[in-house]
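See structure below.
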Amino acid sequence: MELVRPDASPQCLHVDVSKVEREITDEDRKRYLRIIDTSLTEEQRQSVVTPDHVYPMQAEVLAVHWHPEFVPMDLIVQRVNSMFPEAQEKLVIPTQHNVLMSLNGYSGVEVDCYSHGFNRKVQLLLHFKEESLDKGADVLKAMLSHTFTYRGSQLFEFMDAVLSTSGYREEQRQKAAGKTGAGEDIVQFAAILTGKLKTLLEENWRETPREMVKNKLIRNWFDQLRGDYGDHVIERTQLYLKQIKKQVKSTFSLKYFYRASEVIEEARSLGAGVVIPHPEQFWPILLADYDVDGYEVWNPQSREYTEFLITVVNKQNHSRVRSSRPLLVFMGDDCHMSEKVKEPEHQDPEKAGRQVGLQPAWDDMAIRKQLVVSGMNRVRIINEYKDRLN
280 MELVRPDASP QCLHVDVSKV EREITDEDRK RYLRIIDTSL TEEQRQSVVT
330 PDHVYPMQAE VLAVHWHPEF VPMDLIVQRV NSMFPEAQEK LVIPTQHNVL
380 MSLNGYSGVE VDCYSHGFNR KVQLLLHFKE ESLDKGADVL KAMLSHTFTY
430 RGSQLFEFMD AVLSTSGYRE EQRQKAAGKT GAGEDIVQFA AILTGKLKTL
480 LEENWRETPR EMVKNKLIRN WFDQLRGDYG DHVIERTQLY LKQIKKQVKS
530 TFSLKYFYRA SEVIEEARSL GAGVVIPHPE QFWPILLADY DVDGYEVWNP
580 QSREYTEFLI TVVNKQNHSR VRSSRPLLVF MGDDCHMSEK VKEPEHQDPE
630 KAGRQVGLQP AWDDMAIRKQ LVVSGMNRVR IINEYKDRLN
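So, in structure tokens, the structure goes:
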């Protein structure tokens, strides 16, 4: 469908909104079923088990921050084994968002919560021996279920922000348009098609897997529309939507999340290990003195201050009493496995490049210099963290 107006200049994008179909079509229904489908074709299964690169020189695999999403665990194990064929020491624990998952005797989860001290949402990585969750974990599981449901409700706030023209929602729309240079045509285009998505979600609520009820559903929906409206229009719209999403996330109420201290207390009662990911995004949490095993000092999203963070952990260890267990240094690949099964044109290139167990910072010479001083390396972290979980 030709949406760009013929009088549009090369520098400006003008969308003819009058040509956008308002009614839901059979093709729209097919698109929706595609974006909520968690089954894999044989081609997708092969793309999971066949990595683009192999790392025969890496002898250890430490992966305690990654997201299986709907990709079967046995395929992920095949992929990791193929990527690191000579690895002798491994600790690979999945950390789905607010959902416990298990692999090779260990369980993990990345929990959304909030830090009361500075009133901000944070995440915690919790890791367990799988058997420790067999009894007495009902409270933690209920907390995670509540958090999963509440976190999923952000999708509806996101859609409301795209659709609503009243009050502060209109302010959010205009602010997002201003920051991305989106004209009223893009704003209307996004609203019309998001409205279709919302209707389809409501009509197919029972058939929609709950793990698909998240912000990413909007991005996936618009990617499915590229064939009808063209890459240029969709990419322009995605920029605008991404800015709205940032605003929605920044104003999402924290009062329905559990406090970080509450989550840690419940997890520790079950023998959990606790790691703080993305510390660069939550500077005050470094000063909060939470009962944790360590900090993630490198992540594909958080890599600017890695050397400094290693130094901070080292200083904290020197100041701790001798009877205290030292803080450990972790690195997270933060891989989202669903990116591996998308068509290349629909992938987020940055996320698609992440790999379970691949953290190049361990081998960066400047970073290794600080790791040596701190007495940290993958072998030590794997062995010591296993001991703590056992």
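This note's numbering numbers the first residue of the sequence shown as 280 and each following residue consecutively. Beta carbons are placed, not taken as given, at the ideal position from N, Cα and C, and that holds for glycine.
Legend entry - Length of the line joining the Cα atoms of residue 542 and residue 535: 13 Å
Inset, instruction - Report yes or no: do the region 500 to 516 and the region 435 to 445 share at least 3 C-beta pairs separated by less than 8 Å? - result: In short, these stretches do not touch, since the Cβ pair count stays below three.
Inset, instruction - Would you give the residue range spanned by the beta strand (DSSP E) that residue 341 belongs to? - result: 339 to 342
Legend entry - Residues near residue 493 in its chain [Cβ-Cβ closer than 7 Å; skip 5 each side]: The answer, listed in chain order, is 431, 434.
Legend entry - 7 Å Cβ cutoff, residue 498 in contact with chain C: This model lacks chain C altogether; it includes just one protein chain.
Inset, instruction - With distances taken Cα to Cα, identify the nearest neighbour of residue 466 among 655, 551, 517, 592. - result: Nearest C-alpha to residue 466 among 655, 551, 517, 592: 517.
Inset, instruction - Let me know the secondary structure DSSP gives residue 360 once reduced to three states. - result: helix
Inset, instruction - Given a cut-off of 7 Å, decide if residue 586 and residue 649 are closer than it, judged by their beta-carbon atoms. - result: yes
Legend entry - Per DSSP, cross-strand counterpart(s) of residue 574: Residue pairing by DSSP puts residue 574 in a beta bridge opposite 555, 608.
Inset, instruction - In the DSSP assignment, find the unbroken alpha helix (DSSP H) run with residue 439 in it and report its ends. - result: For residue 439, the enclosing alpha helix (DSSP H) stretches over residues 433 to 442.
Inset, instruction - Go ahead and label residue 444 buried or exposed: buried means 16 or more other beta carbons lie within 10 angstroms of its beta carbon, across all protein chains shown. - result: exposed
Legend entry - Inter-residue Cα distance where the pair is residue 538 and residue 548: 16 Å
Legend entry - Separation of residue 296 from residue 284, as counted between CA atoms: Below a pLDDT of 50, predicted positions are generally treated as unreliable, and residue 284, at 45, falls in that range; the measurement from the model is reported next regardless. When rounded, the distance between both Cα atoms is 10 Å.
Inset, instruction - Please state if the CB of residue 470 and the CB of residue 496 are separated by a distance shorter than 7 Å. - result: no
Legend entry - Chain-order list of residues whose beta-carbon lies under 7 Å from that of residue 583 (same chain, five-residue window excluded): 559
Inset, instruction - Can you give me the Cβ contacts of residue 667 inside the same chain, cut-off strictly under 8 Å, excluding the 5 residues immediately before and after it? - result: 552, 572, 604
Inset, instruction - Report yes if the C-beta distance between residue 479 and residue 664 is below 7 Å; otherwise report no. - result: no
Legend entry - Nearest to residue 351 (by Cα), restricted to the options 327, 606, 385: 327
Legend entry - Extent of the continuous alpha helix (DSSP H) to which residue 597 belongs: 585 to 598
Inset, instruction - Sort 556, 545, 540, 576 by Cα distance to residue 568 and report the nearest one. - result: Considering only alpha carbons, the answer is 540.
Inset, instruction - Taking the CB atoms as reference points, tell me whether residue 564 and residue 653 lie closer together than 7 Å. - result: Taking 7 Å as the Cβ cut-off, residue 564 and residue 653 do not qualify as a contacting pair.
Legend entry - Per-residue DSSP class, three states only, for residue 655: Three-state result, residue 655: coil.
Inset, instruction - Quick one: grab the DSSP three-state call for residue 387. - result: strand
Inset, instruction - Could you spell out the range, first to last residue, of the alpha helix (DSSP H) harbouring residue 399? - result: Segment 399 to 408 is the beta strand (DSSP E) holding residue 399; no alpha helix (DSSP H) there.
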